[in-house]
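Read in my numbering, the sequence shown has 508 at position 506, and its numbers run on one by one without any break.
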Amino acid sequence: MPSTREPLDIPSFAGTQLALLTNELQTEIDETSALVSSHAPVALQRAGLAITNLVLSSQRTGFGGRTVVELTSDSATSSLGCLPEHGIRTGDIVLVTEQPAGSAKKREIRELEGKGARGVVVKVQRETVSVALDEGKDEDARLNGRVWIVKLADEVTYRRMNRTMEKLQTMGDGEYTSLIRVLFGLSSPSPVGKDLSKDEQVGKLEWLDPSLNESQKDAVRFALASREVALIHGPPGLVKRKQRVLVCGPSNVSVDNIVERLSPHKVPIVRLGHPARLLPSVVNHSLDVLTHTSEAGAIVQDVRAEMDAKQASIKKTKSGKERRSIYADLKELRKEYRERERRCVSNLVGGSKVVLATLHGAGGFQLQREKFDVVIIDEASQALEAQCWVPLLSATKVVCAGDHLQLPPTVKSINSKVKPPQAKDGTKPVKGMTLETTLFDRLLALHGSSIKRMLTTQYRMHDKIMRFPSDELYHSLLVAADSVKSRLLKDLEYEVEDNEDTGEPVIFIDTQGGDFPEKNDEDDKDNVKKGKAALHGDSKSNDMEAALVRQHIERLVKAGVRPDDIAVVTPYNAQLALLAPLKAQYPGMELGSVDGFQGREKEAVIVSLVRSNPDGEVGFLAEKRRLNGEDSTSKRWQEMAKC
3 MPSTREPLDI PSFAGTQLAL LTNELQTEID ETSALVSSHA PVALQRAGLA ITNLVLSSQR
63 TGFGGRTVVE LTSDSATSSL GCLPEHGIRT GDIVLVTEQP AGSAKKREIR ELEGKGARGV
123 VVKVQRETVS VALDEGKDED ARLNGRVWIV KLADEVTYRR MNRTMEKLQT MGDGEYTSLI
183 RVLFGLSSPS PVGKDLSKDE QVGKLEWLDP SLNESQKDAV RFALASREVA LIHGPPGLVK
243 RKQRVLVCGP SNVSVDNIVE RLSPHKVPIV RLGHPARLLP SVVNHSLDVL THTSEAGAIV
303 QDVRAEMDAK QASIKKTKSG KERRSIYADL KELRKEYRER ERRCVSNLVG GSKVVLATLH
363 GAGGFQLQRE KFDVVIIDEA SQALEAQCWV PLLSATKVVC AGDHLQLPPT VKSINSKVKP
423 PQAKDGTKPV KGMTLETTLF DRLLALHGSS IKRMLTTQYR MHDKIMRFPS DELYHSLLVA
483 ADSVKSRLLK DLEYEVEDNE DTGEPVIFID TQGGDFPEKN DEDDKDNVKK GKAALHGDSK
543 SNDMEAALVR QHIERLVKAG VRPDDIAVVT PYNAQLALLA PLKAQYPGME LGSVDGFQGR
603 EKEAVIVSLV RSNPDGEVGF LAEKRRLNGE DSTSKRWQEM AKC
């Protein structure tokens, strides 16, 4: 990145971001295409990229008038009726298409798209998976026989980021707001006093949550007193003000966590996003539910009922002419439904003082004409900067909450073979810029600590777990809250045996010198001989370490720890696939990647680090932020399988 405190040329920044985003999307598309063209559907399913042997059980009208298809296991392949083990999640972009009779080899993604329909996974249950099909694709989809769904790159998110960068790139100097000028170093942030407890405007506040500690209160005062930008190093805190606020995060979970914290305080809020992607505890605040339950929403229900009746009649008719007639009626009904729904949505969103959405969700039609006094971005240190600009272009003030010393955004194109980025408009690329550099990182480098406040009390970890990241990364400033600093597994609210596994906050298992070698997909000679792309690229796995993890879960459960209080995390997807059977053996136990588990909490966290080789190489785990991301996931206790 450019040197600290130097202003950044905005067209060059936007042009470089567009080139980087193009590379990133192409990397994802190429990766998926290579896997689908060289592996059988069942292998892709084991890798978490597909679900096979499905049949259409029903279809209905979903939010926005889109057709939602419900798929279940084909009874000819599954007598239990449950979906096979898979890695498809709500929010995933997928292709629903006829399943190849044998291997999917030489079938490229583009060829498959012509025989199926793209859509978004809106619900995943034990027996069914529901997909909202892209508009106009329901008639084209051939879903009469056995089908499968394949995970695709999320091009919608990239389109919104690209659209935002293109707007920024073409802005004239006179269109730059005071916020934009500050965010690119063309102006300095307005100064903020040091002791805000004595400030006339923010010194005496009515706290929604009186239990906030002093560092949190200072951070809230700082965020309110800052005119253009404030960085909060740690978890965010919100306070009631007579301003209109848009709250965003890079993931649905990050946004839902804020909704859960606001709900008890009776703050009037609207959560944008499909309810099937939201946590059950926040669904009642979703726009979809409010649309159905409000007075304004009642006027669209008669149209929806008629659409559902048409959807149901499609399966009953054998006549192609009659089916085409039904689809034509549905098209007209969908148009009327969307018009009524948009009016209802506009009234609900326009009348709300606090709106919450994912960063890319803020680029949806619901907020196109909406203005907010403040945009708050949670987990800003884990979001691509282009994502952050989706809600920022029309903002006057931004508060970014996050931790730049934890996990950066996941970027696939850094080590790919795509060409170096070149701005298409001829502007000079910004030297050294990568997608891993976040808005949080850049602003901190640009303006220094004057725009930042740090939260020093943490509520997740035992004091001994906290000590390492505190000393190594936070200048020994972190303090463990009384509620967690000395609690152990044996102190849980239910009966747990007191033994060496439950009476210590941290346990390291050193496998050095044992028979615990790492391996990767590229070591599979059969795949190499057949020219197949590795399912997990050069991702690593470790069979013996997986056996250790399984053994320690058994010991914890035997001691009385409930499976739903246990999580297993690992930095490698190949290891994740190896550990997948544990979920069936211990229902309720959470299994995830380090990146995917970020922000979540469990009482017992087992970390499988995987790496074990004669050269002592640890690869990307040498990055401090990744280890810090692992260290801070557990509330009271952590167990690590260490190479």
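For each residue, glycine too, the CB sits at the ideal point set by N, CA and C.
Burial check for tyrosine 339: the Cβ neighbour count within 10 Å reaches 16 or more, so the residue is buried. For isoleucine 467, no beta strand (DSSP E) encloses it; the enclosing alpha helix (DSSP H) starts and ends at 465-475. DSSP places asparagine 55 in the uninterrupted beta strand (DSSP E) bounded by 52-63.
The beta carbon of proline 86 sits closer than 8 Å to the beta carbons of Gln47, Ile53, Thr54, Asn55, Ser75, Ser80 from its chain, once the five residues preceding and following it are set aside; these are given in chain order. In this structure, the straight-line span from the alpha carbon of aspartate 545 to that of phenylalanine 518 is close to 7 Å. Exposure of alanine 330 is indicated by the presence of fewer than 16 other C-beta atoms within 10 angstroms of its C-beta. Of Ser485, Val57, Leu226, the smallest CA-CA separation from isoleucine 378 is found for Leu226.
In this structure, the beta-carbon distance from lysine 317 to isoleucine 328 does not fall below 8 Å. Relative to the Cα of leucine 97, the nearest Cα in the group Lys153, Thr63, Leu491 belongs to Lys153. A Cβ-Cβ contact shorter than 8 Å links cysteine 390 with alanine 382. When C-alpha distances from proline 410 are compared across Ala385, Leu394, Val392, Ile416, the shortest belongs to Ala385. Within the same chain, and ignoring the five residues on either side of tyrosine 588 in sequence, the residues whose Cβ sits closer than 6 Å to its Cβ are Pro565.
Going by C-alpha positions, tyrosine 476 is about 18 Å away from asparagine 215.
The region 345-365 makes no contact with the region 192-200; the number of CB pairs closer than 8 Å stays below 3.
Going by C-alpha positions, threonine 436 is about 7 Å away from leucine 22.
One Cα belongs to leucine 335, the other to glycine 121, and the distance between them is close to 20 Å.
For tryptophan 391, the enclosing alpha helix (DSSP H) has its first and last residue at 387-394. Counting only the Cα atoms, cysteine 84 lies some 6 Å from arginine 128. Here glutamate 556 carries a helix assignment [DSSP, helix/strand/coil].
A straight line joining the alpha-carbon of leucine 248 with that of alanine 606 spans about 34 Å. For aspartate 443, no beta strand (DSSP E) encloses it; the enclosing alpha helix (DSSP H) starts and ends at 441-449. Nearest to glycine 147 by alpha-carbon distance, out of Gln553, Ser59, Val357, Met167, is Ser59. Residue environment for arginine 165: exposed (fewer than 16 other C-beta atoms within 10 angstroms of its C-beta). In the DSSP assignment, glutamate 499 falls outside any beta strand (DSSP E) and carries neither an H nor an E.
Straight-line measurement puts the Cα of glycine 64 at about 11 Å from the Cα of alanine 307. In the DSSP assignment, phenylalanine 224 falls within the alpha helix (DSSP H) that extends over 216-227. The three-state secondary structure of asparagine 259, taken from DSSP, is helix. In this chain, glutamate 87 is not harboured by any beta strand (DSSP E), its DSSP state being neither H nor E. Between the alpha carbons of glutamate 30 and threonine 159 lies a distance of about 13 Å.
DSSP places arginine 161 inside the alpha helix (DSSP H), whose first and last residues are 157-172. Taking each of Val71, Ala359, Pro573 in turn and checking the Cα distance to valine 131, the smallest one comes out for Val71. Bounds of any beta strand (DSSP E) do not take in lysine 399, whose DSSP letter is neither H nor E. Spanning the alpha carbons of aspartate 443 and glycine 275 requires a straight line of approximately 28 Å.
Burial state of threonine 99 is buried, judged by a 10 Å Cβ sphere holding 16 or more other Cβ atoms. In this chain, the beta strand (DSSP E) harbouring glutamate 72 covers 69-75. For lysine 125, the secondary structure class from DSSP, reduced to helix, strand or coil, is strand.
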